[in-house]
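2 protein chains.
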Amino acid sequence: MSSSALLDKLINSLQTMPGVGPVTASRIAFALLDKKRAQGLEMAETIKQALTNISSCPGCHNYSDSEGVECEICACASRRESGVLCVVETPSDVQAIEDSKSFNGTYFVLHGHLSPIDGIGAKELGLDVLFEKIVNNHYKEVILALSQTIEGNATSSFIANFCKRHDIIVSKIASGVPVGGELMSVDQNTLAMSLNYRRPL
Amino acid sequence: MSSSALLDKLINSLQTMPGVGPVTASRIAFALLDKKRAQGLEMAETIKQALTNISSCPGCHNYSDSEGVECEICACASRRESGVLCVVETPSDVQAIEDSKSFNGTYFVLHGHLSPIDGIGAKELGLDVLFEKIVNNHYKEVILALSQTIEGNATSSFIANFCKRHDIIVSKIASGVPVGGELMSVDQNTLAMSLNYRRPL
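As given, the protein sequences belong to chains A and B, one line each in that order. Heads up: the first sequence begins at -2 in my numbering, then just goes up one per residue. Heads up: the second sequence begins at -2 in my numbering, then just goes up one per residue.
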């Protein structure tokens, strides 16, 4: 028996979040109720605002603050002028690359990859929009930063072929041993890739 | 650079929850935005309702659905009639005991323990309310289920002394080797307790 039906509802509801099961949800619920009511209410308001307003950037299909408004990366002149476009699968990939502080161009988010078995072809993935953007913007280079999976690689090849046909420089991010990684703990395929694509010193 | 200031605000705000750092918060934010907008909005509404309404039960100081309303456990006649009171430190302790399905009486939640160094004496902890409740309700037994810490044990002794002075049966939950636990992985103090308080077979 629980002391409060509303508390049960809260614990159930918190499990909407990925990685939050009954135990974590209880811990969060009690922490918010015991010590963080004001911050919890603020968080609920922020979640509501974000989920209601955050929309898709018309330029890159990444998240932007509101409907029809360009995202902050597309709106930045110096980034647009770099003339380099990086194609990724998800908005979280954009964030990962931004966190690495090693890219200063603009992005295009596919929100997936080619997957004929699920009925996702070039059109469903919006590749026509990407191709139009590539042709119209005369990019100096298109960087493909898609997942190193069969579907990701197929999607990369498809986009690369288009770029080559239009004489646009296209590249793919490197595969290999992670920085700080030991050879022993790296899987066979990654090690094979890092040998095949070794670079002269 | 982030694509959306509102997304940044969401990721920061989610870190209000215990155990949620920047990486987990990003994962949650993207999952809610990508696939669970409706459920996320529902969750935000539930958090708001719960943090606004959940209040303290006048009977046991556990959480109840709203101000001045008894919690569901205190409101249950069969539990009140059992005549057994279990004293715990926190509402999550109540939930843990309820989950074990091995207790059918009512509770009293102290929301802490005696801690003279922090200025928390008998009055601050509301022990006068507990003592009044114990005397007025003629309990058959008072079970102390407080933490097995120095402060928890001091609080237990304080309550036990009161009960003994008023000829009320008082007991303390057992300490020992956890069920399914191996002796090797149990700490020395627990093992010493389990030997001292061995029971005849």
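Just so you know, even glycine gets a beta-carbon here, dropped at the ideal spot from N, CA and C. From a predicted model like this one, the values you see are computed outputs, not experimental measurements.
What residue range is occupied by the uninterrupted alpha helix (DSSP H) comprising residue 160/A? Residue 160/A -> alpha helix (DSSP H) spans 147 to 162.
Any beta carbon from chain A within less than 9 Å of residue 64/B's own beta carbon? no
The region 134 to 146 of chain A touching the region 113 to 123 of chain A, judged by at least three CB pairs closer than 8 Å: no
Between residue 175/A and residue 86/B, what straight-line distance do the alpha-carbon atoms span, to the nearest angstrom? So the alpha carbons of these two residues sit roughly 48 Å apart.
Helix, strand or coil: how does DSSP classify residue 82/B here? strand
Beta carbon of residue 100/B nearer than 9 Å to that of residue 81/B: Yes, Cβ-Cβ distance for residue 100/B and residue 81/B is below 9 Å.
Please state whether DSSP places residue 91/A in a helix, a strand or coil. helix
Please decide whether residue 121/B counts as near chain A, where near means a Cβ-Cβ distance under 9 Å. So no, residue 121/B is outside the interface.
Is residue 14/A close to chain E? Criterion is C-beta to C-beta, closer than 9 Å. The chain labelled as chain E is not found among the protein chains of the depicted structure, namely A and B.
Assumed close pair residue 105/B, residue 58/B - CB separation to whole angstroms, cut-off 8 Å: Taking the Cβ atoms as the reference, residue 105/B lies roughly 7 Å from residue 58/B, within the contact range of under 8 Å.
Grab me the residues of residue 88/B's own chain with a C-beta within less than 7 Å of its C-beta, minus the 5 sequence neighbours each way, in chain order. Counting only residues of its own chain and dropping the five nearest sequence neighbours on each side, residue 88/B has a CB closer than 7 Å to the CB of 59, 60, 106.
Quick one: measure Cβ to Cβ for residue 48/B and residue 11/A, integer angstroms, because I've assumed they're closer than 8 Å. By a beta-carbon distance limit of 8 Å, residue 48/B does not contact residue 11/A. Their separation comes to about 12 Å.
Please name the residue in 189/A, 20/A, 63/A, 194/A whose C-alpha comes closest to that of residue 92/B. 20/A
Can you list, in chain order, the residues of the region 34 to 50 of chain B whose Cβ is nearer than 8 Å to any Cβ on chain A? 34, 36, 37, 38, 39, 40, 41, 42, 43, 44, 45, 46, 47, 48, 49, 50
Smallest Cα separation from residue 103/B: which of 45/B, 72/B, 124/B, 150/B? 72/B
Look at the alpha carbon of residue 190/B and the alpha carbon of residue 8/A, and state the distance between them as a whole number of angstroms. 35 Å
Can you list the residues of chain A that residue 83/B reaches, using a CB-CB cut of under 8 Å? Near residue 83/B there are no residues of chain A at all, since even the closest Cβ is about 13 Å away, more than 8 Å.
Since residue 105/A sits in a beta bridge, which residues does DSSP pair it with? In the DSSP assignment, residue 105/A is bridged to 84/A.
So the alpha helix (DSSP H) residue 126/A belongs to, where does it begin and stop? 124 to 134
Quick one: does the C-beta of residue 170/B sit closer than 8 Å to a heavy atom of the ligand ADP? No copy of the ligand ADP occurs in the structure displayed, which carries no ligand at all.
Of the residues 188/A, 161/A, 167/A, which one's Cα is nearest the Cα of residue 173/A? Of the listed residues, the one whose Cα sits closest to residue 173/A is 188/A.
Mind listing, in chain order, the continuous alpha helix (DSSP H) runs of no fewer than 4 residues lying wholly within the region 10 to 77 of chain B? Entirely contained in the region 10 to 77 of chain B, the alpha helix (DSSP H) runs reaching 4 residues are, in chain order, 19 to 32, 34 to 50.
Close-in-space but distant-in-sequence residues of the same chain around residue 23/A (CB under 6 Å, 5 per side omitted): 8
Is there a Cβ of chain A sitting closer than 9 Å to that of residue 31/B, yes or no? Residue 31/B counts as touching chain A.
For residue 160/A, which option in 125/A, 179/A, 149/A has the closest C-alpha, if you only look at C-alpha atoms? Relative to residue 160/A, the option among 125/A, 179/A, 149/A whose CA is nearest is 125/A.
Contact with chain A by residue 130/B, beta-carbon distance below 9 Å: Interface annotation, residue 130/B: not in contact with chain A, CB-CB separation never under 9 Å.
Once DSSP output is grouped into helix, strand and coil, what is the label at residue 169/B? Strand.
Would DSSP call residue 141/A helix, strand or coil? Three-state result, residue 141/A: strand.
In the structure shown, what three-state DSSP assignment does residue 182/B receive? Note: residue 182/B maps to helix in three-state DSSP.
Buried or exposed for residue 132/A, going by 16 or more other Cβ atoms inside 10 Å? exposed
Given that a residue counts as buried once 16 or more other Cβ atoms are within 10 Å of its Cβ, and exposed if not, what is residue 136/A? It counts as buried.
Simplified DSSP assignment, three categories, for residue 112/A: strand
Looking at residue 63/B: is its Cβ nearer than 9 Å to the Cβ of residue 52/B? yes
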